[in-house]
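These notes concern the structure reproduced below.
Protein chains: 2
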Amino acid sequence: MPTMHDAAIPTITRALKNLIHVLEKAAAHAEAKKIEPAVLIGSRLYPDMFPLGRQVQIASDIAKGGIARMAQAEGPKWEDNETTFPELIERARKTIAYLESLKPEQFDDGSRTVSFPVQGQPKTATASKYLYTRVLPNVFFHCATAYNILRHNGVELGKADFLGPLEA
Amino acid sequence: MPTMHDAAIPTITRALKNLIHVLEKAAAHAEAKKIEPAVLIGSRLYPDMFPLGRQVQIASDIAKGGIARMAQAEGPKWEDNETTFPELIERARKTIAYLESLKPEQFDDGSRTVSFPVQGQPKTATASKYLYTRVLPNVFFHCATAYNILRHNGVELGKADFLGPLEA
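As structure tokens, this is what we get:
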């Protein structure tokens with residue numbers, strides 16, 4: 076029977092690998108165009124939206140925190156002190172390494188109950204509902220917003236960069 | 076055993092319902108601020124990116140086309156002639172109605188092979204891989220980009236509008 080591990084881990088590690096690829100392209104663009112990388116990392120689509128760097132940290136937090144809950148594990152805590160492209164890429168890599176360290180046996184078929192906060196309020200749902208209504212949409216939201224911030228700033232990206240190669 | 080129906084249909088109909096909610100807020104914002112709706116519908120984050128209206132059409136196309144392939148069905152073809160908020164909302168509603176018309180028995184456990192184009196090249200993958208690496212990321216990408224275009228234009232939206240209420 077497919078478990079939550081099968082649905083969640085390859086999907087989210089793939090999203091994060093594609094995010095790393097997008098960040099690498101942004102770093103190369105900044106270097107080629109003599110743009111201060113901090114300008115891109117601090118860019119946002121609207122004054123009260125989070126900038127690029129924070130989008131990457133939140134994608135990481137939702138991935139490690141959400142999946143840890145589903146695996147009944149304690150996710151790692153990190154400081155959110157990344158300020159450069161290499162540091163943000165390393166943050167995404169550490170997140171992938173954590174997800175890949177979890178064992179398939181730690182996941183169930185999606186029927187067990189998971190507790191989590193929604194806008195500060197405690198909620199519960201099945202692991203399956205939590206994955207499909209919270210974790211996956213939220214990870215993709217922040218990866219897509221990171222992409223959109225960079226695209227809006229002229230980094231040459233296409234949707235294939237966001238989706239990644241099918242074979243990967 | 077959970078089928079691809081369980082993983083795909085509630086997840087994607089939910090994403091489209093949240094997209095409708097975001098479009099309704101945008102329409103109300105345009106009316107309140109006396110903004111021509113066509114200005115928002117034609118907005119884009121970069122000159123060679125698709126504008127809002129096309130983002131909605133593509134989200135619909137990927138949802139109906141991708142899910143039809145997984146269900147071994149023929150998805151409906153629509154004209155992409157929506158130019159107003161009510162028309163774009165109706166397009167998303169029709170897409171939801173099509174997805175909900177498919178029967179759970181039309182889906183498998185994700186192991187059967189699906190054929191689909193990637194940048195014009197024919198590809199095959201299991202239905203499960205197709206869902207998790209193409210259909211879901213792609214639908215969320217266009218829903219998030221629609222949200223980001225509107226947010227960038229000053230429509231008051233928060234991530235809760237994108238994720239929707241847990242109870243829904």
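Taken in sequence, the protein lines are chains A and B.
In terms of the numbering used here, the first sequence is residues 76 to 243.
In terms of the numbering used here, the second sequence is residues 76 to 243.
Even for Gly, the Cβ is constructed at its ideal location relative to N, Cα and C.
Note that the structure is predicted; figures quoted are calculated from it, not measured.
Assigned secondary structure, residue i (DSSP; H/G/I helix, E/B strand, else coil)
i, result
"Lys109(B)", "coil"
"Val193(B)", "strand"
"Thr188(B)", "strand"
"Ala148(B)", "coil"
"Lys100(B)", "helix"
"Thr159(B)", "coil"
"Pro122(A)", "coil"
"Glu154(A)", "coil"
"Thr170(B)", "helix"
"Thr78(A)", "coil"
"Asn228(B)", "coil"
"Asp183(B)", "coil"
"Gly128(A)", "helix"
"Glu242(B)", "coil"
"Leu91(A)", "helix"
"Lys234(B)", "helix"
"Gly117(A)", "coil"
"Leu177(A)", "coil"
Minimum Cβ-Cβ distance from residue i to chain B less than 7 Å
i, result
"Pro212(A)", "yes"
"Arg226(A)", "yes"
"Ala219(A)", "yes"
"Phe215(A)", "yes"
"Phe237(A)", "yes"
"Val114(A)", "no"
"Leu120(A)", "yes"
"Leu177(A)", "no"
"Thr88(A)", "no"
"Tyr273(A)", "Only positions 76 to 243 of chain A appear in the structure, and residue 273(A) is not among them; the question remains open."
"Lys198(A)", "yes"
is_contact[residue i, chain A] using C-beta, thresh 7 Å
i, result
"Arg144(B)", "no"
"Phe182(B)", "no"
"Asn223(B)", "yes"
"Thr170(B)", "no"
"Lys108(B)", "no"
"Val131(B)", "no"
"Val230(B)", "no"
"Leu241(B)", "yes"
"Val97(B)", "no"
"Val189(B)", "no"
Top-ranked residue by Cα proximity to residue i, from the options
i, options, result
"Tyr121(B)", "Gly239(A), Ile84(A), Glu149(A), Tyr222(A)", "Tyr222(A)"
"Ala146(B)", "Tyr207(B), Arg209(B), Pro161(B), Pro179(B)", "Pro179(B)"
"Ile133(A)", "Ser203(A), Pro85(A), Ala148(A), Glu157(A)", "Glu157(A)"
"Ala113(B)", "Leu241(B), Leu225(B), Asn213(B)", "Leu225(B)"
"Asp136(B)", "Leu241(B), Pro240(B), Thr220(B), Val210(B)", "Val210(B)"
"Pro85(A)", "Asn213(A), Tyr207(A), Glu175(A)", "Glu175(A)"
"Cys218(B)", "Thr88(B), Ala148(B), Ser190(B), Thr188(B)", "Thr88(B)"
"Asp81(B)", "Phe216(A), Phe215(A), Val214(A), Ser203(A)", "Ser203(A)"
"Lys169(B)", "Ser186(B), Arg187(B), Gly185(B), Gly150(B)", "Gly150(B)"
One or two residues paired with residue i in a DSSP bridge
i, result
"Thr201(A)", "Thr188(A)"
Three CB pairs or more closer than 8 Å across the stretch 189–207 of chain B and the stretch 188–201 of chain A: no
The stretch 231–240 of chain B contacting the stretch 224–232 of chain A, beta-carbon criterion three pairs below 8 Å: no
The stretch 181–189 of chain A touching the stretch 94–106 of chain A, judged by at least three CB pairs closer than 8 Å: no
Any 3 or more C-beta pairs closer than 8 Å across the stretch 154–163 of chain B and the stretch 122–131 of chain B: yes
The stretch 99–106 of chain A contacting the stretch 134–152 of chain A, beta-carbon criterion three pairs below 8 Å: no
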